[in-house]
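Numbering (my numbering), first residue to last: 715 to 1216.
Ideal Cβ placement from N, Cα and C applies to all residues, glycine included.
These notes are about the structure you will find just below.
Right under this line is the structure:
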C-alpha cells in the first residue's frame, strides 16, 4: 500500500512537470496534497510556523465587527492590524509545505482583511468622513508596503521571463513595480511601456515565432563579426523593435507601471544607478535598456539620452558611459525599498552565472537554512576583504582593478527574494548566452517560465492580495480627491469584490 501511494505521488509530480496549462498543473498539485496529507494540514490552524492563535483571534474580531455593522470598531481593528507578514503568515516556508496553497486560516484572514477594506471604502460618509478614510488608507498602504517583481540578467535565456510575466498577467497578479537587469531590462521595458491589450498580443505564439526569427538574424550578425566588440547599432535595432520611444515618465503615465532599469558604470570611480520615473523621468527607456544590455567585452559601453525642456533628445550625463546592469545590481531590492516602500519581493532568476550556486531560502525552515545564510554572509565578507587587499597592490593597473571590482560585485550580490522563480534546469553554459535559439527553443523557454511560475501563483496571490486591494482603493480615492478639489462630482469607490465560494 505504501508503495502504491508512493507511485501515485510520483505520477502526480510527473504530471506537474509535464503540464501544459495551469489548470492541469493545479489539478495534479491538489491530488498530490490529498495523497500526502497536506490537504488536511491546510485545514488545521496549528503549526509552529506562524502565530495561528493571534491570527484566529483577529479574524474572529473582524468578522464580529462586520456582523454587527460596527464600522468604527472595524476601522479601529484595521488600524491595529494592517502590517505585512503579521503573525509570520507571510513566511516563505509556510507557503512551501503544500504543493497548492497554504493554511486555510491564512487565506481566510487575508480575504477578510480585503473585504473589510472594501467595506470601509464604501461606507457612507455620514458614518466615516472621506477625510478620515483618506488618511486611513494612506497610512495603511504605507504600513503594509508593496510588492515588486525583479527580472534578472540572463542573455538568450531572457525569454524565460516572458513566460513568468505571461502567467502573472493571466492571473491578474503582476506587480506594478518591476525591475530588470540586462536581458531582464528588455522584458521590464516591454511590460512597462505596453497597455494590457498590447501585452496580450505580445504573448501570442505567432508573435514569439516572429521574434525568434528576428533574434536569430540578430545573433547571426553578432556572431559573424570578427572584432572584439559589436557595432552598437545592432543592439539599437533590436531594442527599437521591442521598446517604444518613450521616456520613463511617459511610460509610467501611459501604463501606470513603474519600470526600473539597473545600469553599471564603465569607469571604476562611478556608482551604479537604478533608472526610473522618479530618479530619471526624462531619460529614454530605450537607451537605458541598451546600457543595461551592454555586456562588457561584447557590446561597447552606452551613453544615455533624455528629453530636454523643449522635448528634444540630448545627451544625459554626457561624460559617463554605462554597461550591463547585472554586474552591479542584478536584483536591486534595497533601492526599490527606498524609492517605493517595497518590502516584499518576487524574483525571476535566470542568470546562468549564479544559478548553480543559489537555492531558494524559502524551501526549508530551521537550522539548515540559517547555517547556509551564515556561510554566505561569511563568504561575502571574505571576498570583499580579499578585493581590498588585492587593490592595495594593483593601483597602477586600472583595467585589472575594474575587472576585480566587477567580479567582486557579482560575487557578493544577493540573488534571491521572498518568492523565487527558478527554471527547472540549474546548469547552462555561460558561453552560449549569445548562441542561436531556434523557434522551438524560444517557445520551450517561455513555457519553462510559465511552468516554473505555477507553483508560486497561489503564494503570490495570497501574499499580495492586501497590497493590491489597498493600491486599487488608493487610486480610486486619489481620483475622488482630485475631483473634489476641482469642484467636480466625485465618483464613488467601486463596489466591494466578494470572495467567490470555494
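* **Residue closest to residue 866, alpha-carbon to alpha-carbon, out of 1046, 1132, 854** => Taking the chain shown and counting its residues from 1, one reaches residue 866 at position 152. Measuring from the Cα of residue 866, the nearest candidate turns out to be 1046.
* Asked: Which residues bound the alpha helix (DSSP H) around residue 1058?
  -> The residue labelled residue 1058 in the question sits at position 344 within the chain shown. Residue 1058 -> not in any alpha helix (DSSP H); beta strand (DSSP E) instead, spanning 1056-1062.
* **First and last residue of the uninterrupted beta strand (DSSP E) at residue 1072** => Working through the chain shown from its first residue, we reach residue 1072 at position 358. Note, residue 1072: premise wrong, no beta strand (DSSP E); not H, not E.
* Check the DSSP bridge columns for residue 974 and list the partner residues they point to. => To locate residue 974, count along the chain shown from 1; it is residue 260. Residue 974 is bridged to 893.
* CB residue 1173 to CB residue 1133, shorter than 8 Å? -> Here the question's residue 1173 lines up with position 459 in the chain shown. Here the question's residue 1133 lines up with position 419 in the chain shown. Residue 1173 is a Cβ neighbour of residue 1133, given a cutoff of 8 Å.
* **residue 1200 in three-state terms, based on DSSP** => Your numbering for residue 1200 matches position 486 in the chain shown. Coil, per DSSP.
* Asked: When burial is assigned at 16 or more other CB atoms within 10 Å of the CB, is residue 1033 buried or exposed?
  -> Start at 1 with the first residue of the chain shown, and residue 1033 comes out as number 319. Residue 1033 is exposed by the Cβ-count criterion.
* Nonlocal neighbours in the same chain, by C-beta distance under 8 Å from residue 816, ignoring five residues either side -> Position 102 of the chain shown, counted from the start, is the residue given in the question as residue 816. Cβ within range, chain order: 756, 808, 809, 1172, 1173, 1176.
* How would you call residue 1004, buried or exposed, if buried means at least 16 neighbouring beta carbons within 10 angstroms? -> As a working note, residue 1004 is residue 290 in the chain shown. Around the Cβ of residue 1004, a 10 Å sphere holds 16 or more other Cβ atoms; the residue is buried.
* Taking the runs of the alpha helix (DSSP H) that are 4 residues or longer, which of them lie wholly in the region 973-1024? -> Counting whole runs of 4 or more residues, the region 973-1024 contains the alpha helix (DSSP H) stretches 999-1006.
* Asked: To which residues of the same chain is residue 1056 closer than 8 Å at the C-beta, ignoring the five residues directly before and after it?
  -> Reading the chain shown from its first residue, position 342 is the one you call residue 1056. If we look at residue 1056 and ignore the five residues flanking it on each side, its Cβ neighbours are 859, 860, 861, 862, 891, 1047, 1050.
* Asked: residue 1030 lies in the beta strand (DSSP E); which residues open and close that run?
  -> Counted from its first residue, the chain shown places residue 1030 at position 316. Segment 1027-1030, the beta strand (DSSP E) holding residue 1030.
* Between residue 978 and residue 1039, is the Cβ-Cβ spacing less than 8 Å? -> Along the chain shown, one-based indexing puts residue 978 at 264. Along the chain shown, one-based indexing puts residue 1039 at 325. Contact flag set, yes.
* Asked: Of the residues 958, 886, 899, which one's Cα is nearest the Cα of residue 907?
  -> The residue labelled residue 907 in the question sits at position 193 within the chain shown. The shortest CA-to-CA distance from residue 907 to any of 958, 886, 899 is the one to 958.
* Asked: Which value, in whole angstroms, describes the spacing of the CA atoms of residue 1136 and residue 899?
  -> Taking the chain shown and counting its residues from 1, one reaches residue 1136 at position 422. Taking the chain shown and counting its residues from 1, one reaches residue 899 at position 185. Between residue 1136 and residue 899, the C-alpha separation is close to 18 Å.
* DSSP on residue 961, reduced to helix/strand/coil? -> Along the chain shown, read from residue 1 onward, the residue named residue 961 stands at position 247. Note: residue 961 maps to strand in three-state DSSP.
* Asked: DSSP state of residue 1161, grouped into three classes?
  -> To locate residue 1161, count along the chain shown from 1; it is residue 447. DSSP, reduced to helix, strand and coil, places residue 1161 within a helical segment of the structure shown.
* **Those residues which DSSP pairs with residue 860 across a bridge** => As a working note, residue 860 is residue 146 in the chain shown. Residue pairing from DSSP places residue 860 in a beta bridge opposite 1056.
* **Anticipated Cβ contact below 8 Å, residue 1162 with residue 874, distance rounded** => For the purposes of this step, residue 1162 is taken as the residue at position 448 of the chain shown. For the purposes of this step, residue 874 is taken as the residue at position 160 of the chain shown. Between residue 1162 and residue 874 the beta-carbon gap is near 6 Å, inside 8 Å, which marks them as a contact.
* To do: Report buried or exposed for residue 735, applying the criterion of at least 16 other Cβ atoms within 10 angstroms of its Cβ.
  => Reading the chain shown from its first residue, position 21 is the one you call residue 735. So residue 735 ends up on the exposed side.
* **Nearest residue (CA-CA) to residue 1165, options 1036, 733, 726** => Working through the chain shown from its first residue, we reach residue 1165 at position 451. Here the closest residue by C-alpha is 733.
* If we call anything under 8 Å between Cβ atoms a contact, is residue 980 one with residue 1064? -> Residue mapping note: residue 980 aligns to position 266 of the chain shown, counting from 1. Residue mapping note: residue 1064 aligns to position 350 of the chain shown, counting from 1. Contact check for residue 980 against residue 1064 fails: the beta carbons are separated by 8 Å or more.
* Whose C-alpha, out of 1192, 789, 831, 1059, is nearest the C-alpha of residue 1180? -> As a first step, residue 1180 must be located in the chain shown, where it is residue number 466. The residue among 1192, 789, 831, 1059 with its C-alpha nearest the C-alpha of residue 1180 is 831.
* Helix, strand or coil at residue 1065 according to DSSP, with G and I counted as helix -> One-based indexing of the chain shown puts residue 1065 at position 351. Looking at residue 1065 - three-state DSSP - the assignment turns out to be coil, as it is neither helix nor strand.
* Environment of residue 688 [buried if 16+ CB atoms lie within 10 Å] -> The displayed coordinates of the chain run from 715 to 1216. Any statement about residue 688 would go beyond what the structure contains.
* Measuring alpha carbon to alpha carbon, tell me which of 971, 877, 965 ends up nearest residue 1000. => As a first step, residue 1000 is located in the chain shown; it is residue number 286 there, counting from the start. Among 971, 877, 965, the Cα nearest to that of residue 1000 is on 965.
* **For residue 769, the first and last residue of its enclosing alpha helix (DSSP H)** => Mapped onto the chain shown, residue 769 falls at position 55. Per DSSP, the continuous alpha helix (DSSP H) segment holding residue 769 begins and ends at 766-781.
* Asked: Helix, strand or coil: which one does DSSP assign to residue 800?
  -> Residue 800 sits at position 86 when you count from the first residue of the chain shown. Here DSSP, grouped into helix, strand and coil, assigns residue 800 to helix.
* Asked: residue 806 to residue 760, Cα distance in whole Å?
  -> By one-based count along the chain shown, residue 806 stands at place 92. By one-based count along the chain shown, residue 760 stands at place 46. Rounded to whole angstroms, residue 806 to residue 760 spans 17 Å at the Cα level.
* Alpha carbon to alpha carbon, how far is residue 844 from residue 1035? Give it in angstroms, no decimals. => Residue mapping note: residue 1035 aligns to position 321 of the chain shown, counting from 1. Residue mapping note: residue 844 aligns to position 130 of the chain shown, counting from 1. Rounded to whole angstroms, the gap between the alpha carbons of residue 1035 and residue 844 is 49 Å.
* Between the CA atoms of residue 909 and residue 968 - distance to the nearest angstrom -> To locate residue 968, count along the chain shown from 1; it is residue 254. To locate residue 909, count along the chain shown from 1; it is residue 195. Computed Cα separation, rounded: 7 Å.
* Asked: Hey, out of 823, 787, 788, 745, whose CA is closest to residue 767's CA?
  -> Residue mapping note: residue 767 aligns to position 53 of the chain shown, counting from 1. Nearest C-alpha to residue 767: 823.
* Where does residue 1037 fall in DSSP's three states? -> By 1-based counting over the chain shown, the position of residue 1037 is 323. Reduced to three states, the DSSP call for residue 1037 is strand.
* Residues bridged to residue 865 [DSSP beta-bridge criterion] -> For the purposes of this step, residue 865 is taken as the residue at position 151 of the chain shown. For residue 865, which the question treats as bridged, DSSP gives the partners 894, 1062.
* Length of the line joining the Cα atoms of residue 1018 and residue 997 -> Along the chain shown, read from residue 1 onward, the residue named residue 1018 stands at position 304. Along the chain shown, read from residue 1 onward, the residue named residue 997 stands at position 283. Rounded to whole angstroms, residue 1018 to residue 997 spans 7 Å at the Cα level.
* To do: Within the same chain, show all residues whose beta-carbon is closer than 6 Å to that of residue 989, passing over the 5 residues directly before and after it, in chain order.
  => Reading the chain shown from its first residue, position 275 is the one you call residue 989. Closer than 6 Å at the Cβ level, and outside the excluded window around residue 989, lie 975, 997, 1002.
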